[in-house]
Ligand SMILES: Cc1ncc(COP(=O)(O)O)c(C=O)c1O
């Protein structure tokens with residue numbers, strides 16, 4: 037047989053999904069893959085039941101159903117203060133995952149450089165490979181996960197055409213400050229670069245931190261390609277609904293890429309999820325309160341057990357320091373943790389470009405019972421000491 041594509045030869049099995057399989061094998065509480073174990077809002081699922089009998093069941097407009105885009109434009113304007121034209125500035129995609137891929141394909145040519153902060157969400161590596169771009173990594177240095185503006189400037193000096201900005205960040209829980217975003221904006225302007233933002237955790241931010249939409253910074257609207265998702269905001273990771281918001285000339289291209297990638301997001305799911313996009317502020321306030329509760333429950337439990345970690349400012353992950361356990365491999369640590377302590381985590385090294393193997397990632401978008409069980413199991417973590 038002829039060989040398969042060279043481009044995808046280096047793809048490995050996702051470490052996160054592998055840890056899920058290992059957790060299942062040992063009956064561990066799985067805090068590796070980031071999805072909630074609680075239900076989406078009832079209003080959305082009830083609407084889905086109606087849609088099952090009423091439709092729509094056929095293709096929607098390839099760039100997204102009209103009422104969905106209109107509701108999304110209203111919601112985004114409400115939260116960011118930025119007017120979005122639903123006809124010319126939005127493409128609805130199959131999750132934030134496709135949004136990022138379509139954005140990358142629309143912006144880069146094979147061989148172009150793309151700047152990525154490290155640690156990073158694992159898909160960005162694959163997205164650059166699939167689009168033929170070359171990643172240039174800029175470290176976010178633990179424990180504060182701040183970055184050196186000179187290193188970022190170096191990436192632009194080397195010709196990076198775009199920066200991927202994940203804010204709030206998976207896996208480190210960082211919420212970029214206005215000052216940091218201003219530094220990025222100034223460099224993007226000076227070096228005429230695009231900023232592809234991943235803002236899927238826009239509504240999961242812990243006070244006093246605040247999410248600032250990058251496109252709202254002076255001069256950034258025209259160079260920002262915002263990738264978003266309904267997965268996290270409405271607890272519907274399986275519905276695969278996301279979007280790109282960008283200026284019309286960019287969206288024009290994204291529409292075409294998206295059309296050939298997937299044709300479109302699922303019409304019945306767009307229809308049902310529109311109910312969520314029309315929710316009042318109370319929904320988002322409750323979401324924040326619920327996530328703050330889960331975050332506090334989990335991190336206070338980690339503190340009581342005596343574990344070291346950096347408190348997340350946003351998103352629903354926490355990186356825990358495992359230096360004291362004497363493991364050389366964080367992967368081996370996670371495998372042993374699932375087997376012996378019965379909690380599933382992700383080795384931090386899968387998110388870092390640099391040699392970092394003293395961190396593991398837990399996610400805490402779980403019901404109280406699940407988090408309490410995980411903490412009860414983690415109370416035995418000392419037996420992992422070598
Ligand atoms: C930072 C980040 N971006 C994108 C995604 C994927 O989102 P979606 O389910 O909308 O494809 C995730 C999922 O975990 C994520 O953490």
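In my numbering, the protein residues as written are 37 to 422.
Just so it is clear, CB atoms sit at the ideal spot from N, CA and C, and this is done for glycine as well.
For this session: Leaving out five residues on either side along the sequence, give the residues of the same chain with a beta carbon under 8 Å from the beta carbon of residue 136.
Result: 159, 160, 163, 200, 232, 234, 263
Problem set entry | Residue nearest to residue 205 in terms of C-alpha spacing, selected from 415, 388, 392, 169 | 388
Exercise. From this set, 269, 258, 210, which residue's C-alpha is nearest residue 243's C-alpha?
Worked result: 210
For this session: Check the C-beta distance from residue 266 over to residue 309 and give it rounded, since I have them as a contact under 8 Å.
Result: 6 Å
Exercise. Going by beta carbon distance, what residues of the same chain come within less than 6 Å of residue 367, once the five residues before and after it are set aside?
Worked result: 383
For this session: Out of 347, 44, 324, point me to the one whose CA is closest to residue 425's CA.
Result: In the structure as shown, the chain begins at 37 and stops at 422. Residue 425 is therefore absent and cannot be evaluated.
For this session: Check each residue's C-beta against every heavy atom of ligand 1 and list, in chain order, those closer than 6 Å.
Result: 70, 131, 132, 133, 157, 202, 206, 234, 236, 265, 267, 273, 278
Exercise. Using the C-alpha atoms, what's the distance from residue 140 back to residue 168?
Worked result: 9 Å
Exercise. Between which two residues does the beta strand (DSSP E) containing residue 264 stretch?
Worked result: 260-265
Exercise. Per the contact definition of three or more C-beta pairs closer than 8 Å, is the segment 123-134 in contact with the segment 278-288?
Worked result: yes
Exercise. With a CB to CB cut of under 6 Å and the five nearest residues on each side skipped, what residues in its chain are close to residue 109?
Worked result: 120, 122
Exercise. Residue 307: buried (16+ other C-beta within 10 angstroms of its C-beta) or exposed?
Worked result: buried
For this session: Leaving aside the five residues before and after residue 53 along the sequence, list all residues of the same chain whose C-beta is less than 8 Å from its C-beta, in chain order.
Result: 69
Problem set entry | Three-pair Cβ contact test at 8 Å for the segment 368-382 versus the segment 50-67 | yes
Problem set entry | Simplified DSSP state of residue 168, which is helix, strand or coil | coil
For this session: State the Cα-Cα distance for the pair residue 288 and residue 106, rounded to the nearest angstrom.
Result: 17 Å
For this session: Would you mind sorting residue 393 into buried or exposed? The rule is 16 or more other CB atoms within 10 Å of its CB.
Result: buried
Exercise. How many angstroms separate the CA atom of residue 275 from the CA atom of residue 422?
Worked result: 43 Å
For this session: Please determine, among 313, 347, 416, the residue with the shortest C-alpha to C-alpha distance to residue 104.
Result: 313
Exercise. Along the chain, where does the beta strand (DSSP E) that runs through residue 343 open and close?
Worked result: It is not in any beta strand (DSSP E) - residue 343 carries neither H nor E in the DSSP assignment.
Exercise. Out of curiosity, what's the CA-to-CA distance linking residue 423 and residue 344?
Worked result: Outside the displayed range of the chain (37 to 422) lies residue 423, so it cannot be described from this structure.
For this session: Less than 8 Å between the CB atoms is what I'm expecting for residue 260 and residue 116, so what's the real figure, rounded?
Result: With 8 Å as the limit, residue 260 and residue 116 do not qualify as a contact, their Cβ atoms being about 11 Å apart.
Exercise. How many Å lie between residue 38 and residue 47 at the Cα?
Worked result: 18 Å
For this session: Please name the residue in 146, 208, 397, 42 whose C-alpha comes closest to that of residue 176.
Result: 208
Problem set entry | Segments assigned alpha helix (DSSP H), at least 4 residues, entirely inside the segment 130-192 | 131-143, 159-167
Problem set entry | Exposed unless 16 or more other CB atoms sit within 10 angstroms - verdict on residue 334 | buried
For this session: In the DSSP assignment, find the unbroken alpha helix (DSSP H) run with residue 58 in it and report its ends.
Result: 51-62
Problem set entry | For residue 43, the first and last residue of its enclosing beta strand (DSSP E) | Run containing residue 43: none; DSSP gives neither H nor E here.
Problem set entry | Residues bridged to residue 398 [DSSP beta-bridge criterion] | 354
Problem set entry | Opening and closing residue of the beta strand (DSSP E) in which residue 97 lies | First-last for residue 97: undefined, no H or E at that position.
Exercise. Are residue 67 and residue 329 closer than 8 Å when you measure CB to CB?
Worked result: no
Exercise. Quick one, are the C-beta atoms of residue 356 and residue 138 less than 8 Å apart?
Worked result: no
Problem set entry | Where residue 213 sits in the DSSP three-state scheme | coil
Exercise. In the DSSP assignment, what are the bridge partners of residue 198?
Worked result: 150, 230
Problem set entry | Presumed contact (8 Å Cβ cut-off) between residue 197 and residue 229, rounded CB distance | 6 Å
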